[in-house]
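K.L.:
Below is a structure I'd like to ask you about.
Printed below as a string of structure tokens:
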């Protein structure tokens, strides 16, 4: 029988790199990424699961890393905002964010990029309505939504 | 937020999961965690042991039972319901309602089993599954039992799933021409419901369930009786709901008084029935 433990070795891929790590079972994935791995591009906005700033991909799906224990990600492939331009070249979406001035303070940007990247992977040419539905879980406290939505739609239109 | 220390187990089979749940007092099943992890952060829940169901692939399946019921594993996510051809064929309302829960990230992790086992009176699925006459299969150390939706939702945060037990699947009858409807008022788009109603309608019978007005979904039985003739004209449906609100004793809070909820109960029940009637196959 699986004996309950308070610390566990997890084996997972983060931005293409295979890692093994001992983590306390109570550690949230977002803290594991930021504090253990130093991947501070993933932001903590609300810490209550509402704002989406901590959005990362687990097996290609957008999830909020503050609502997941690191041990739940055992055996998965995780990608963070640092993984987008891994080769130093901005993705088309990141380029579009730049061109459309799709950020003000920038705090929500990593989460917006990860949610929009997941959308574009399953729907390469989203309509404005598709984009708004897909970004519902990401809050921009500057309320700069119009330019963000424009940037994502434009990325799809280019594809 | 730092969580309180918690023990964690990740069983490989349903039998093992049930055994771990039974062996540890204060153990809780961890499905998608989209409610549980958050309430643990707030210290509103403090389980001693989390039993992660992530590896139980048999709970992630959507299929059909031998008697033609749509069979949904407890670990099926909202996103899976939205993309399922089986759901689309047999009971598309499940995908429609799943698509209005929270946001993409929550729907990618949040499960139907978690949504019903939390038994929050404002959740989306409880009134829907009551209206659809779903059944719930619960596994325990001594075997398996199946309960109706009416028997499943016992109260606020309480279901028929007892200590050491696990919800494994939810069976929903295929629509067979019945129309389904869902209506209510949320706090913001796709937010928490203030009142919600679900209805399923055939040629001569309607089932209507109202959520958020009591500890568990309330069947609108008087309304159902008046609709038994099969007259689903707007006038008849509105008339059938008269007095339904007055029969309820809903809570008052910052989002709405009890009277407002009584009013919303009638309005949402009428809208759900009219939507369902318009969708039924004649």
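Residue numbers (our numbering), protein chains in the order written: chain A, 11 to 169; chain B, 665 to 946.
Beta carbons: idealized from backbone N, C-alpha and C, even for Gly.
Can you give the Cα-Cα distance for residue 863 (chain B) and residue 843 (chain B), rounded to whole angstroms?
P.N.:
8 Å
K.L.:
Tell me residue 28 (chain A)'s beta-bridge partners as DSSP assigns them.
P.N.:
DSSP output for residue 28 (chain A) lists A:23 as bridge partner(s).
K.L.:
Name the DSSP bridge partner or partners of residue 857 (chain B)?
P.N.:
B:850
K.L.:
Relative to chain B, which residues along the segment 75-93 of chain A have a C-beta separation below 9 Å, given in chain order?
P.N.:
76, 77, 78, 79, 81, 82, 84, 85
K.L.:
Starting from residue 812 (chain B), trace the beta strand (DSSP E) both ways and give me its first and last residue.
P.N.:
807-812
K.L.:
Could you spell out the range, first to last residue, of the alpha helix (DSSP H) harbouring residue 942 (chain B)?
P.N.:
922-943
K.L.:
List, in order along the chain, the chain B residues whose C-beta lies closer than 7 Å to that of residue 13 (chain A)?
P.N.:
For the C-beta of residue 13 (chain A), the chain B residues within less than 7 Å are, from N- to C-terminus, 673.
K.L.:
If you scan the segment 77-145 of chain A from start to end, which runs of the beta strand (DSSP E) of 3 or more residues do you find wholly inside it?
P.N.:
87-89
K.L.:
When you compare the CB positions of residue 936 (chain B) and residue 872 (chain B), do they come within less than 8 Å of one another, or not?
P.N.:
yes
K.L.:
Between the segment 668-688 of chain B and the segment 818-836 of chain B, are three or more C-beta pairs nearer than 8 Å?
P.N.:
yes
K.L.:
For residue 84 (chain A), which residues of its own chain have a beta-carbon under 8 Å away from its beta-carbon, when the five flanking residues on both sides are left out?
P.N.:
Closer than 8 Å at Cβ, skipping near neighbours: 18, 20, 21, 22.
K.L.:
Taking only runs that begin and end inside the segment 734-776 of chain B, name each unbroken alpha helix (DSSP H) of 4 or more residues, in chain order.
P.N.:
742-747, 749-754, 757-762, 768-773
K.L.:
Would you check if the distance between the CB atom of residue 51 (chain A) and the CB atom of residue 99 (chain A) is smaller than 8 Å?
P.N.:
no
K.L.:
Can you say whether residue 822 (chain B) is buried or exposed, counting buried as having 16 or more other CB atoms within 10 angstroms of its CB?
P.N.:
Exposed is the call here.
K.L.:
Which of the three DSSP states is assigned to residue 60 (chain A) in this structure?
P.N.:
coil
K.L.:
Starting from residue 671 (chain B), trace the beta strand (DSSP E) both ways and give me its first and last residue.
P.N.:
671-673
K.L.:
I believe residue 926 (chain B) touches residue 942 (chain B) by the beta-carbon criterion, under 8 Å. Please report the beta-carbon distance rounded to the nearest angstrom.
P.N.:
Their Cβ separation, rounded to whole angstroms, is 25 Å, which puts residue 926 (chain B) and residue 942 (chain B) out of contact at 8 Å.
K.L.:
Under 8 Å, do residue 145 (chain A) and residue 123 (chain A) count as touching if we go by C-beta distance?
P.N.:
no
K.L.:
Would a C-beta distance cut-off of 8 Å place residue 891 (chain B) and residue 837 (chain B) closer than the cut-off?
P.N.:
It is not a contact, given that the beta carbons lie outside the stated cut-off.
K.L.:
Fully enclosed by the segment 710-734 of chain B, which alpha helix (DSSP H) runs are 4 residues long or longer?
P.N.:
none
K.L.:
Cα-Cα, which of B:707, B:779, B:805 is closest to residue 793 (chain B)?
P.N.:
B:779
K.L.:
Return helix, strand or coil for residue 71 (chain A), following the three-state DSSP convention.
P.N.:
strand
K.L.:
Between which two residues does the alpha helix (DSSP H) containing residue 890 (chain B) stretch?
P.N.:
885-890
K.L.:
What does DSSP give as the partner residue(s) for residue 17 (chain A) in the beta ladder?
P.N.:
Answer is A:34.
K.L.:
Within 10 Å of its beta-carbon, does residue 11 (chain A) have 16 or more other beta-carbons around it, so buried, or fewer, so exposed?
P.N.:
exposed
K.L.:
Quick check: what's the CA-CA separation for residue 34 (chain A) versus residue 845 (chain B)?
P.N.:
Cα to Cα, residue 34 (chain A) sits roughly 45 Å from residue 845 (chain B).
K.L.:
Going by DSSP in three states, residue 665 (chain B) sits in which element: helix, strand or coil?
P.N.:
It is coil, neither helix nor strand.
K.L.:
Which same chain residues end up closer than 7 Å to residue 867 (chain B) when comparing Cβ atoms and leaving out the 5 residues on each side of it in sequence?
P.N.:
894
K.L.:
Using a beta-carbon distance cut-off of less than 7 Å, what residues from the segment 59-70 of chain A approach chain B?
P.N.:
59, 62, 65
K.L.:
Since residue 854 (chain B) meets chain A, which of its residues come closer than 8 Å, beta carbon to beta carbon?
P.N.:
146
K.L.:
Across the segment 813-822 of chain B and the segment 878-886 of chain B, are there enough close Cβ pairs to call them in contact, namely three or more that are closer than 8 Å?
P.N.:
yes
K.L.:
With DSSP as the reference, identify every bridge partner of residue 803 (chain B), one or two as the case may be.
P.N.:
B:808, B:830
K.L.:
Assuming residue 833 (chain B) and residue 738 (chain B) form a contact by the criterion Cβ under 8 Å, report the distance between their Cβ atoms to the nearest whole angstrom.
P.N.:
6 Å
K.L.:
Kindly give me the distance between the Cβ atoms of residue 121 (chain A) and residue 53 (chain A), rounded to whole angstroms, as I take these residues to be in contact under 8 Å.
P.N.:
7 Å
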